[in-house]
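Under our numbering, the first residue of the sequence shown is numbered 59, with each subsequent residue one higher. Only one structure is covered here, and it is reproduced in the block below.
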Amino acid sequence: MAYYISPRFLNKLAVHITKNYLDLPQIKVPLILGIHGRKGEGKTFQCELVFQQMGVEVVHISGGELESPDAGDPARLIRLRYREAADLVRVRGRMAVLMINDLDAGAGRFDRMTQYTVNTQLVNNTLMNIADNPTNVQLPGSYDEKPLPRIPIVATGNDFATLYAPLIRDGRMQKFYWEPSFEDRLGVVGGMFADDGLSDEDIQSLVTRFRDQAIDFFGAVRSQIYDEQITQFIHTVGISKVAASIVNAINPPTFAKPSFQLPHLIEVGERLEREQARVRTMGLVSEYNQAVTPAGRSTRTPRRYEESLLLTPPVPNGLTPYAKGDSSSGSDTVSSSLWKRARQARVEKAAMSSSSGIASNRKPDLLSPDALEQVNAILTTGCRLGVEHVDQRRFRTNSWQTYATLSPNELSGAVSKVRTCIAQYPDHYVRLVSIHPQSKQRMAEKIISRPR
């Protein structure tokens, strides 16, 4: 199988490694290269291909090793692996790299519920110390006066905005956002199916059909083509004899290469897309997880917590995840403006309700106060509002129908639109969906009306 290396990725990683081994006068070279981007885009695999092509020795650390029951163990592990890479340079005379996979998963903070432990603090501090003093990395309890060779560090992750801000500053970490271009996708997918008889036109059609999918999606499609042969093998030998036919078998089974036809690949890809959609839309955690939704309480977010989110301004960070172009127009500015708009809308709403009062003889409204608050909260934060409904039979299969999709500037007519939907479908479930304006992703879902 011929593997494809993106020229842009190769240049970025090769320059970073080479630059750290050169003695450049009066030049501050960041020790850490942070490669971040969407999940499944081949960041780690592209790194491995570059390391292999350059002949670089690699010492690995997983993000799962950055936490331990014993305080200080992960920080010591980082120092130990760094010195191990330095020994490879001195003994073998080859370039070496310290590779940290999924750094944000091991040392990042994703929300207010993420526990910030002593180990997290020590890991961040250790990486900052190594970045500032790369030739003087000591183990706890010992001291070696002999300077170490400088070892470049490559860290991968999805969202480096979750990391400690001083660690990702430009003097310590050089950031590289990896988003494969269409040509890169054609090259990678073409390498996957190089021995399968697909033409260049078939590869382009396949990538175009699933343009929004990550690169590992195409690897999953290719893997599932073999499922038919494996299923036939299981039925042939019998379900009870599968283990004896595979584990420590003298003649293990062999499988002929299946026929890779474009229509069949697209069929398998569409099946995987449907499974992805079910994961996104089911949302059963609110029904099953009592830690998220205690018994006897609504799945709606408590009002005090919602108000605390609106009253607490977003914390600025030096890095905007997944930003394109100039970082000065990043998500910090957008989130700050959305927070100001949401807070101003809540203040105006409170002022109007206090001045007008609540009429005691008002006609019962189909739209509850909680649902009205949900509509206002979604649109005033700049998100699009989706209104969906489903009958009781299709509710069990999660087959919702879209009634309307409203933009933030349609706030005045959104409430009446939701009321009309509830009145028109009194025997249906009705829910509100918060949709991100740029990525079109569904941020949150809330059922506001149930069959009467």
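Every residue gets a Cβ at the ideal spot worked out from N, C-alpha and C, and that includes glycine. Here the structure is a predicted model, which means the values were calculated and not measured.
Within a Cβ cutoff of 7 Å, which residues of the same chain sit near residue i, ignoring the five residues on either side of it in sequence?
i, result
"GLN450", "PRO509"
"PHE291", "PRO311"
"LEU68", "VAL108"
"LEU511", "Residue coverage of the chain in this structure runs from 59 to 510, which leaves residue 511 outside it and unanswerable."
"MET186", "PRO224, LEU225, ARG230"
Please report the distance separating the alpha-carbon of residue i from that of residue j.
i, j, result
"PHE168", "GLY444", "26 Å"
"GLN232", "GLU99", "19 Å"
"LYS97", "ALA213", "14 Å"
"ASN78", "ILE90", "10 Å"
"SER507", "LEU425", "8 Å"
"LEU124", "ILE136", "9 Å"
"GLU2", "ASN434", "Lying before the first or after the last residue shown, residue 2 is absent from the chain, which here runs from 59 to 510."
"GLY277", "GLU203", "49 Å"
"ILE188", "GLN110", "25 Å"
"MET153", "THR266", "39 Å"
"ALA417", "GLY164", "Caution applies to ALA417, whose pLDDT of 42 falls short of 50 and renders its modelled position unreliable; the value that the coordinates give is listed next. Using only the alpha carbons, I get a separation of about 54 Å."
"VAL295", "ILE304", "11 Å"
"ARG227", "VAL108", "25 Å"
"PRO210", "ARG500", "39 Å"
"VAL149", "LEU197", "20 Å"
"VAL300", "HIS293", "9 Å"
"PRO88", "GLY229", "5 Å"
"LEU80", "ASN191", "16 Å"
"PHE313", "GLY440", "53 Å"
"TYR222", "ARG477", "46 Å"
"ASN183", "PRO224", "9 Å"
"GLY166", "THR220", "5 Å"
"TYR380", "ALA302", "No answer about TYR380 holds up, because its pLDDT of 39 lies below 50 and its placement is not dependable."
"ASP485", "VAL337", "26 Å"
"ASN467", "ASP270", "28 Å"
"HIS74", "ALA335", "39 Å"
"PRO316", "ASP254", "9 Å"
"GLN84", "THR76", "17 Å"
"ASP128", "ARG66", "41 Å"
How close, in whole Å, do the beta carbons of residue i and residue j come, if the pair is a contact with beta carbons under 8 Å?
i, j, result
"ASP162", "ASN216", "6 Å"
"TYR487", "ILE505", "6 Å"
"VAL117", "ARG139", "5 Å"
"LYS101", "GLY92", "The pair is not a contact, with the Cβ atoms about 10 Å apart (cut-off 8 Å)."
"VAL195", "PRO132", "Contact doesn't hold; Cβ gap of about 15 Å is too wide."
"MET340", "ASN456", "6 Å"
Please return the same chain residues whose Cβ sits closer than 6 Å to the Cβ of residue i, not counting the five positions on each side in sequence.
i, result
"LYS70", "PHE234"
"VAL561", "Residue coverage of the chain in this structure runs from 59 to 510, which leaves residue 561 outside it and unanswerable."
"VAL512", "Examination of residue 512 is not possible in this model, given that the chain is present from 59 through 510 alone."
"ILE119", "ARG139, ILE158"
Give the secondary structure of residue i by DSSP, where H, G and I count as helix, E and B as strand, and everything else as coil.
i, result
"HIS322", "helix"
"PHE67", "helix"
"GLU99", "coil"
"SER317", "coil"
"TYR201", "coil"
"ALA252", "coil"
"LEU89", "coil"
"VAL305", "coil"
"LYS504", "strand"
"LEU124", "helix"
"LEU464", "strand"
"TYR62", "coil"
"ALA152", "Reading off the sequence, residue 152 comes out as Arg, not Ala. It is coil, neither helix nor strand."
"ASN177", "helix"
From the DSSP output, read off the bridge partner residues of residue i.
i, result
"TYR235", "HIS94"
"GLN459", "HIS447"
"MET157", "HIS118, VAL212"
"ILE493", "ARG442, ARG500"
"VAL488", "HIS447, SER507"
Establish whether the CB of residue i and some CB of chain B are separated by less than 9 Å.
i, result
"GLN319", "Protein chains in the displayed structure number just one, and chain B is not present."
Got a sec? Which residues, its chain only, sit under 8 Å from residue i by beta carbon, not counting five neighbours each side?
i, result
"THR193", "PRO205, LEU206, PRO207, ARG208"
"ALA72", "VAL108, MET112"
"ARG141", "VAL195, LEU197, LEU206"
Would you say the beta carbon of residue i is closer than 8 Å to some non-hydrogen atom of the ligand ADP?
i, result
"ASN182", "The ligand ADP is absent from the structure shown, which contains no ligand whatsoever."
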